[in-house]
Amino acid sequence: ALTGTPTAPTALRGTNNTQIANTAFVLAAIADVIDASPDALNTLNELAAALGNDPDFATTRTNALAGKQPKNATLTALAGLSTAKNKLPYFAENDAA
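For the sequence shown, counting from 1, position 15 maps to 15 in the UniProt record's numbering; every step adds exactly one.
Here it is, written out as structure tokens:
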């Protein structure tokens, strides 16, 4: 009815046509998007803040990871050595620091 507070039947989830979307349908759709996300991350603003408001977040992270020390056999071996008093790891003539 279109008098007083207009009412309409609630469309089924996933309905994608020109049917009227009532408040219940819209709230259900929003709940589906938010799902079980924590309160600190359930709005677009909170998500943006968590990503540092970086519009190019994926590239920033990719570049940061690209700058990491690549895996190197010598460095890996050094990292795996046990340390003890009076024990100093060394490089052989073919190794590079």
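All C-beta atoms, glycine included, are put in the ideal place defined by N, C-alpha and C.
First through last residue of the alpha helix (DSSP H) which encompasses residue i
i	result
GLY80	73 to 80
ARG61	57 to 66
ALA48	44 to 50
Which of helix, strand or coil DSSP assigns to residue i
i	result
ALA21	coil
ALA29	helix
ASP39	helix
Minimum C-alpha distance to residue i - residue among the options
i	options	result
THR7	LEU65, LYS71, PHE25, PHE57	PHE25
ALA73	PHE57, ASP56, ASN94, ALA11	ASN94
ASP32	ARG13, GLY67, ALA64	ARG13
ALA28	PRO38, SER37, ASN42, ALA11	ALA11
Chain E contact for residue i (CB, 8 Å cutoff)
i	result
ASN22	The structure shown contains no chain E; it is built from a single protein chain.
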